[in-house]
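Inspection log for the structure reproduced underneath, given as structure tokens.
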């Protein structure tokens, strides 16, 4: 009698995935709403790190990209402009020691002001010079 092969699935591991978003502002700001914090010469980027539970780096990457695209939003800013946040790229994926974490939970984020004249490629090179 043949024994059935038991298929072992890979254990779930925790990964951190760093994502870059870019804000696109459309429309002219309302002159009555412009304050000292307004700087029309900058583009805004956001770095975000998601905690993902997956069986491999590749699966963590796929899951993070899906979540990043789902997190793209659009709204009106306090100057009356429409702001659209768009996923740019996954910057890094790394294994995290096992902890009691929830998949998809953001653990780090920051906003980055860059000169408008810089292309996304130049921003990526400036912020992440070790990535080709």
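Residue numbers (the working numbering): 17 to 148.
Note that CB positions come from ideal geometry on N, CA and C, so glycine has one too.
List the DSSP bridge partners of residue 32.
As a first step, residue 32 is located in the chain shown; it is residue number 16 there, counting from the start. According to DSSP, residue 32 shares a beta bridge with 67, 110.
Given that a residue counts as buried once 16 or more other Cβ atoms are within 10 Å of its Cβ, and exposed if not, what is residue 49?
Position 33 of the chain shown holds residue 49. The residue is exposed, with fewer than 16 neighbouring Cβ atoms inside 10 Å.
Taking the CB atoms as reference points, tell me whether residue 84 and residue 35 lie closer together than 8 angstroms.
Residue 84 sits at position 68 when you count from the first residue of the chain shown. Residue 35 sits at position 19 when you count from the first residue of the chain shown. For the 8 angstroms CB-CB criterion, residue 84 and residue 35 form a contact.
Applying the 10 Å Cβ sphere with the 16-neighbour rule, what's the burial state of residue 25?
By one-based count along the chain shown, residue 25 stands at place 9. Exposed: under 16 other Cβ atoms inside 10 Å.
Within 10 Å of its beta-carbon, does residue 94 have 16 or more other beta-carbons around it, so buried, or fewer, so exposed?
As a working mapping, residue 94 is identified with position 78 in the chain shown. Its Cβ having fewer than 16 others within 10 Å, residue 94 is exposed.
Cβ neighbour criterion (16 or more within 10 Å) applied to residue 42:
Locating residue 42 in the chain shown gives position 26, where the first residue counts as 1. Burial call: exposed.
Pick from 53, 61, 68 that is closest to residue 119, judged by C-alpha positions
Against the chain shown, residue 119 aligns to sequence position 103. Comparing Cα-Cα distances from residue 119 to each of 53, 61, 68, the minimum goes to 68.
For residue 103, which option in 111, 29, 114, 87 has the closest C-alpha, if you only look at C-alpha atoms?
Reading the chain shown from its first residue, position 87 is the one you call residue 103. Closest option to residue 103, Cα to Cα, is 87.
Based on Cα-Cα distance, which residue from 109, 148, 140, 130 lies nearest to residue 75?
Here residue 75 refers to the residue found at position 59 of the chain shown. Of the candidates 109, 148, 140, 130, the one whose C-alpha sits nearest the C-alpha of residue 75 is 109.
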